Amino acid sequence: MTIKQSRFIRRLVEKYNQTDATPVVNPCDKGQLATKVDTEPSTSERERMSRRPFRSLIGALQYLAMGTRPDIAYAVSYISRFAEEPREVHWNAAIRIVHYLKGTVNLGITYKGNSGSVTFVAWSDSDWASDAQTRRSTTGLMLTMNSGPVVFKTKLQRTVALSTAEAEYTAISMCTQEVLWVRALLEELGHAQVRPTTICTDNKSAIAIAKNVGYSARAKHVDIRYHFVRAHLADGDIDLQYVPSASQLADFLTKPIEGKTFQRLVSVCGLKATS
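Residue numbers (our numbering): 66 to 340.
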């Protein structure tokens, strides 16, 4: 089964006059998003941006990102941070997403059949201090079932992490909350999970913090609210599993990824093009 929003994308491309645009291989460019705008906009730039429907475009892109297109979730989340006073660089970044969608109009989430028990796997990832304005980190999480994503999020963390391990541990905490919600939902539907749900992370130090293996002294600055991960690990609700970064499906929810690597992750997580 495949769910997609091809008609909506075609209308979006037409609405923003991008029918003749050249498609791009990914929704965001690392250099473009890394740009920190410190100067005040000129009068002419303010006038140009006042005529551009930035918020309307962002709303349409968010609708897609929350529905069937996790591949654009990071890019949309990033440029949404500038909705209050967007600059031309942010408008260009939004239009680039439209160019990417134009070339992937038939991409959708594909789920495979399953005659066995209903289970799911979670993927948790984080960058570190990449937001140029606040130095907060970005959490990316994905829950997959029947070879396709059923929950996916990209979110700026509320506090500044002092290390990659702290950022990754914060992400695991957020992912655990989603896992518990899905486990409760499945139980209501008659599919109670008898085994711990696996959360895949590519940071061994974060796993050590969760298991309290020699990291308590160095992790005291980690906010207590995240330590409930330990409780649910002990209760058998979750199990943390290390995966190499190359196999981390949530990677493209935390940062821009180039070319073939991005396309490989998108395909592996269950996004397929259908006619």
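A virtual CB, placed ideally from N, CA and C, is assigned to each residue, including glycine. Bear in mind the structure is a predicted one, so any value in this text is a computation, not a measurement.
By the neighbour-count definition (other C-beta atoms within 10 Å, threshold 16), F185 is a buried residue.
Inter-residue distance for R134 and R329 is about 15 Å (C-alpha atoms, whole angstroms). Counting along the chain, no beta strand (DSSP E) covers M66, and no H or E run does either. For the pair R161 and M114, the CB atoms are not nearer than the 8 Å cut-off. Short of 8 Å from the beta carbon of A148, and not among the five residues preceding or following it, lie these beta carbons of its own chain, in chain order: F119, R120 and I123. Beyond the five residues adjoining it in sequence on each side, A315 comes within less than 7 Å, by CB distance, of W188, S189, D190, G205, L206 and M207 in the same chain, given in chain order. For the options H292, L254 and A140, the alpha carbon positioned closest to that of E233 is the one of H292. Per DSSP, the continuous beta strand (DSSP E) segment holding W188 begins and ends at V186 to S191. Between A159 and L129, the gap from beta carbon to beta carbon reaches 8 Å or more. Y307 carries a strand assignment under DSSP once its states are collapsed to helix, strand and coil. When T219, Q242 and R200 are compared, the shortest CA-CA separation from A226 is found for R200. Runs of the alpha helix (DSSP H) lying entirely within the stretch 119–203, each at least 4 residues long, are 119–132, 138–145 and 153–168 in chain order. Nearest to D136 by C-alpha distance, out of F317, G324 and K325, is F317.
Below 8 Å, too few C-beta pairs join the stretch 211–225 and the stretch 258–268 to call them touching: fewer than three. Annotated as distal: S340 and N91, with beta-carbon spacing of 8 Å or more. Counting C-beta atoms within 10 angstroms of its own C-beta, E231 has 16 or more neighbours from the protein chains shown and is therefore classed as buried. Note that the C-beta distance between I174 and G213 is below 8 Å. A straight-line Cα-Cα distance of about 41 Å links V154 and R248. If you ignore the 5 residues before and after Y165, its C-beta comes within less than 6 Å of the C-beta of V89 and P92, all in its own chain and listed in chain order. Straight through space, the alpha carbons of S180 and I264 are spaced by roughly 23 Å. In summary, P321 is buried, with 16 or more beta-carbon neighbours lying within 10 Å of its beta-carbon over all protein chains present. In the three-state reduction of the DSSP assignment, V331 falls in the helix class. Of all C-beta pairs linking the stretch 237–253 to the stretch 296–306, three or more are shorter than 8 Å, placing the two stretches in contact.
With distances taken between CA atoms, E105 lies nearest to E150 out of Y81, D192, D196 and E150. Per DSSP, A275 is one residue of the alpha helix (DSSP H) stretching across K269 to A275.
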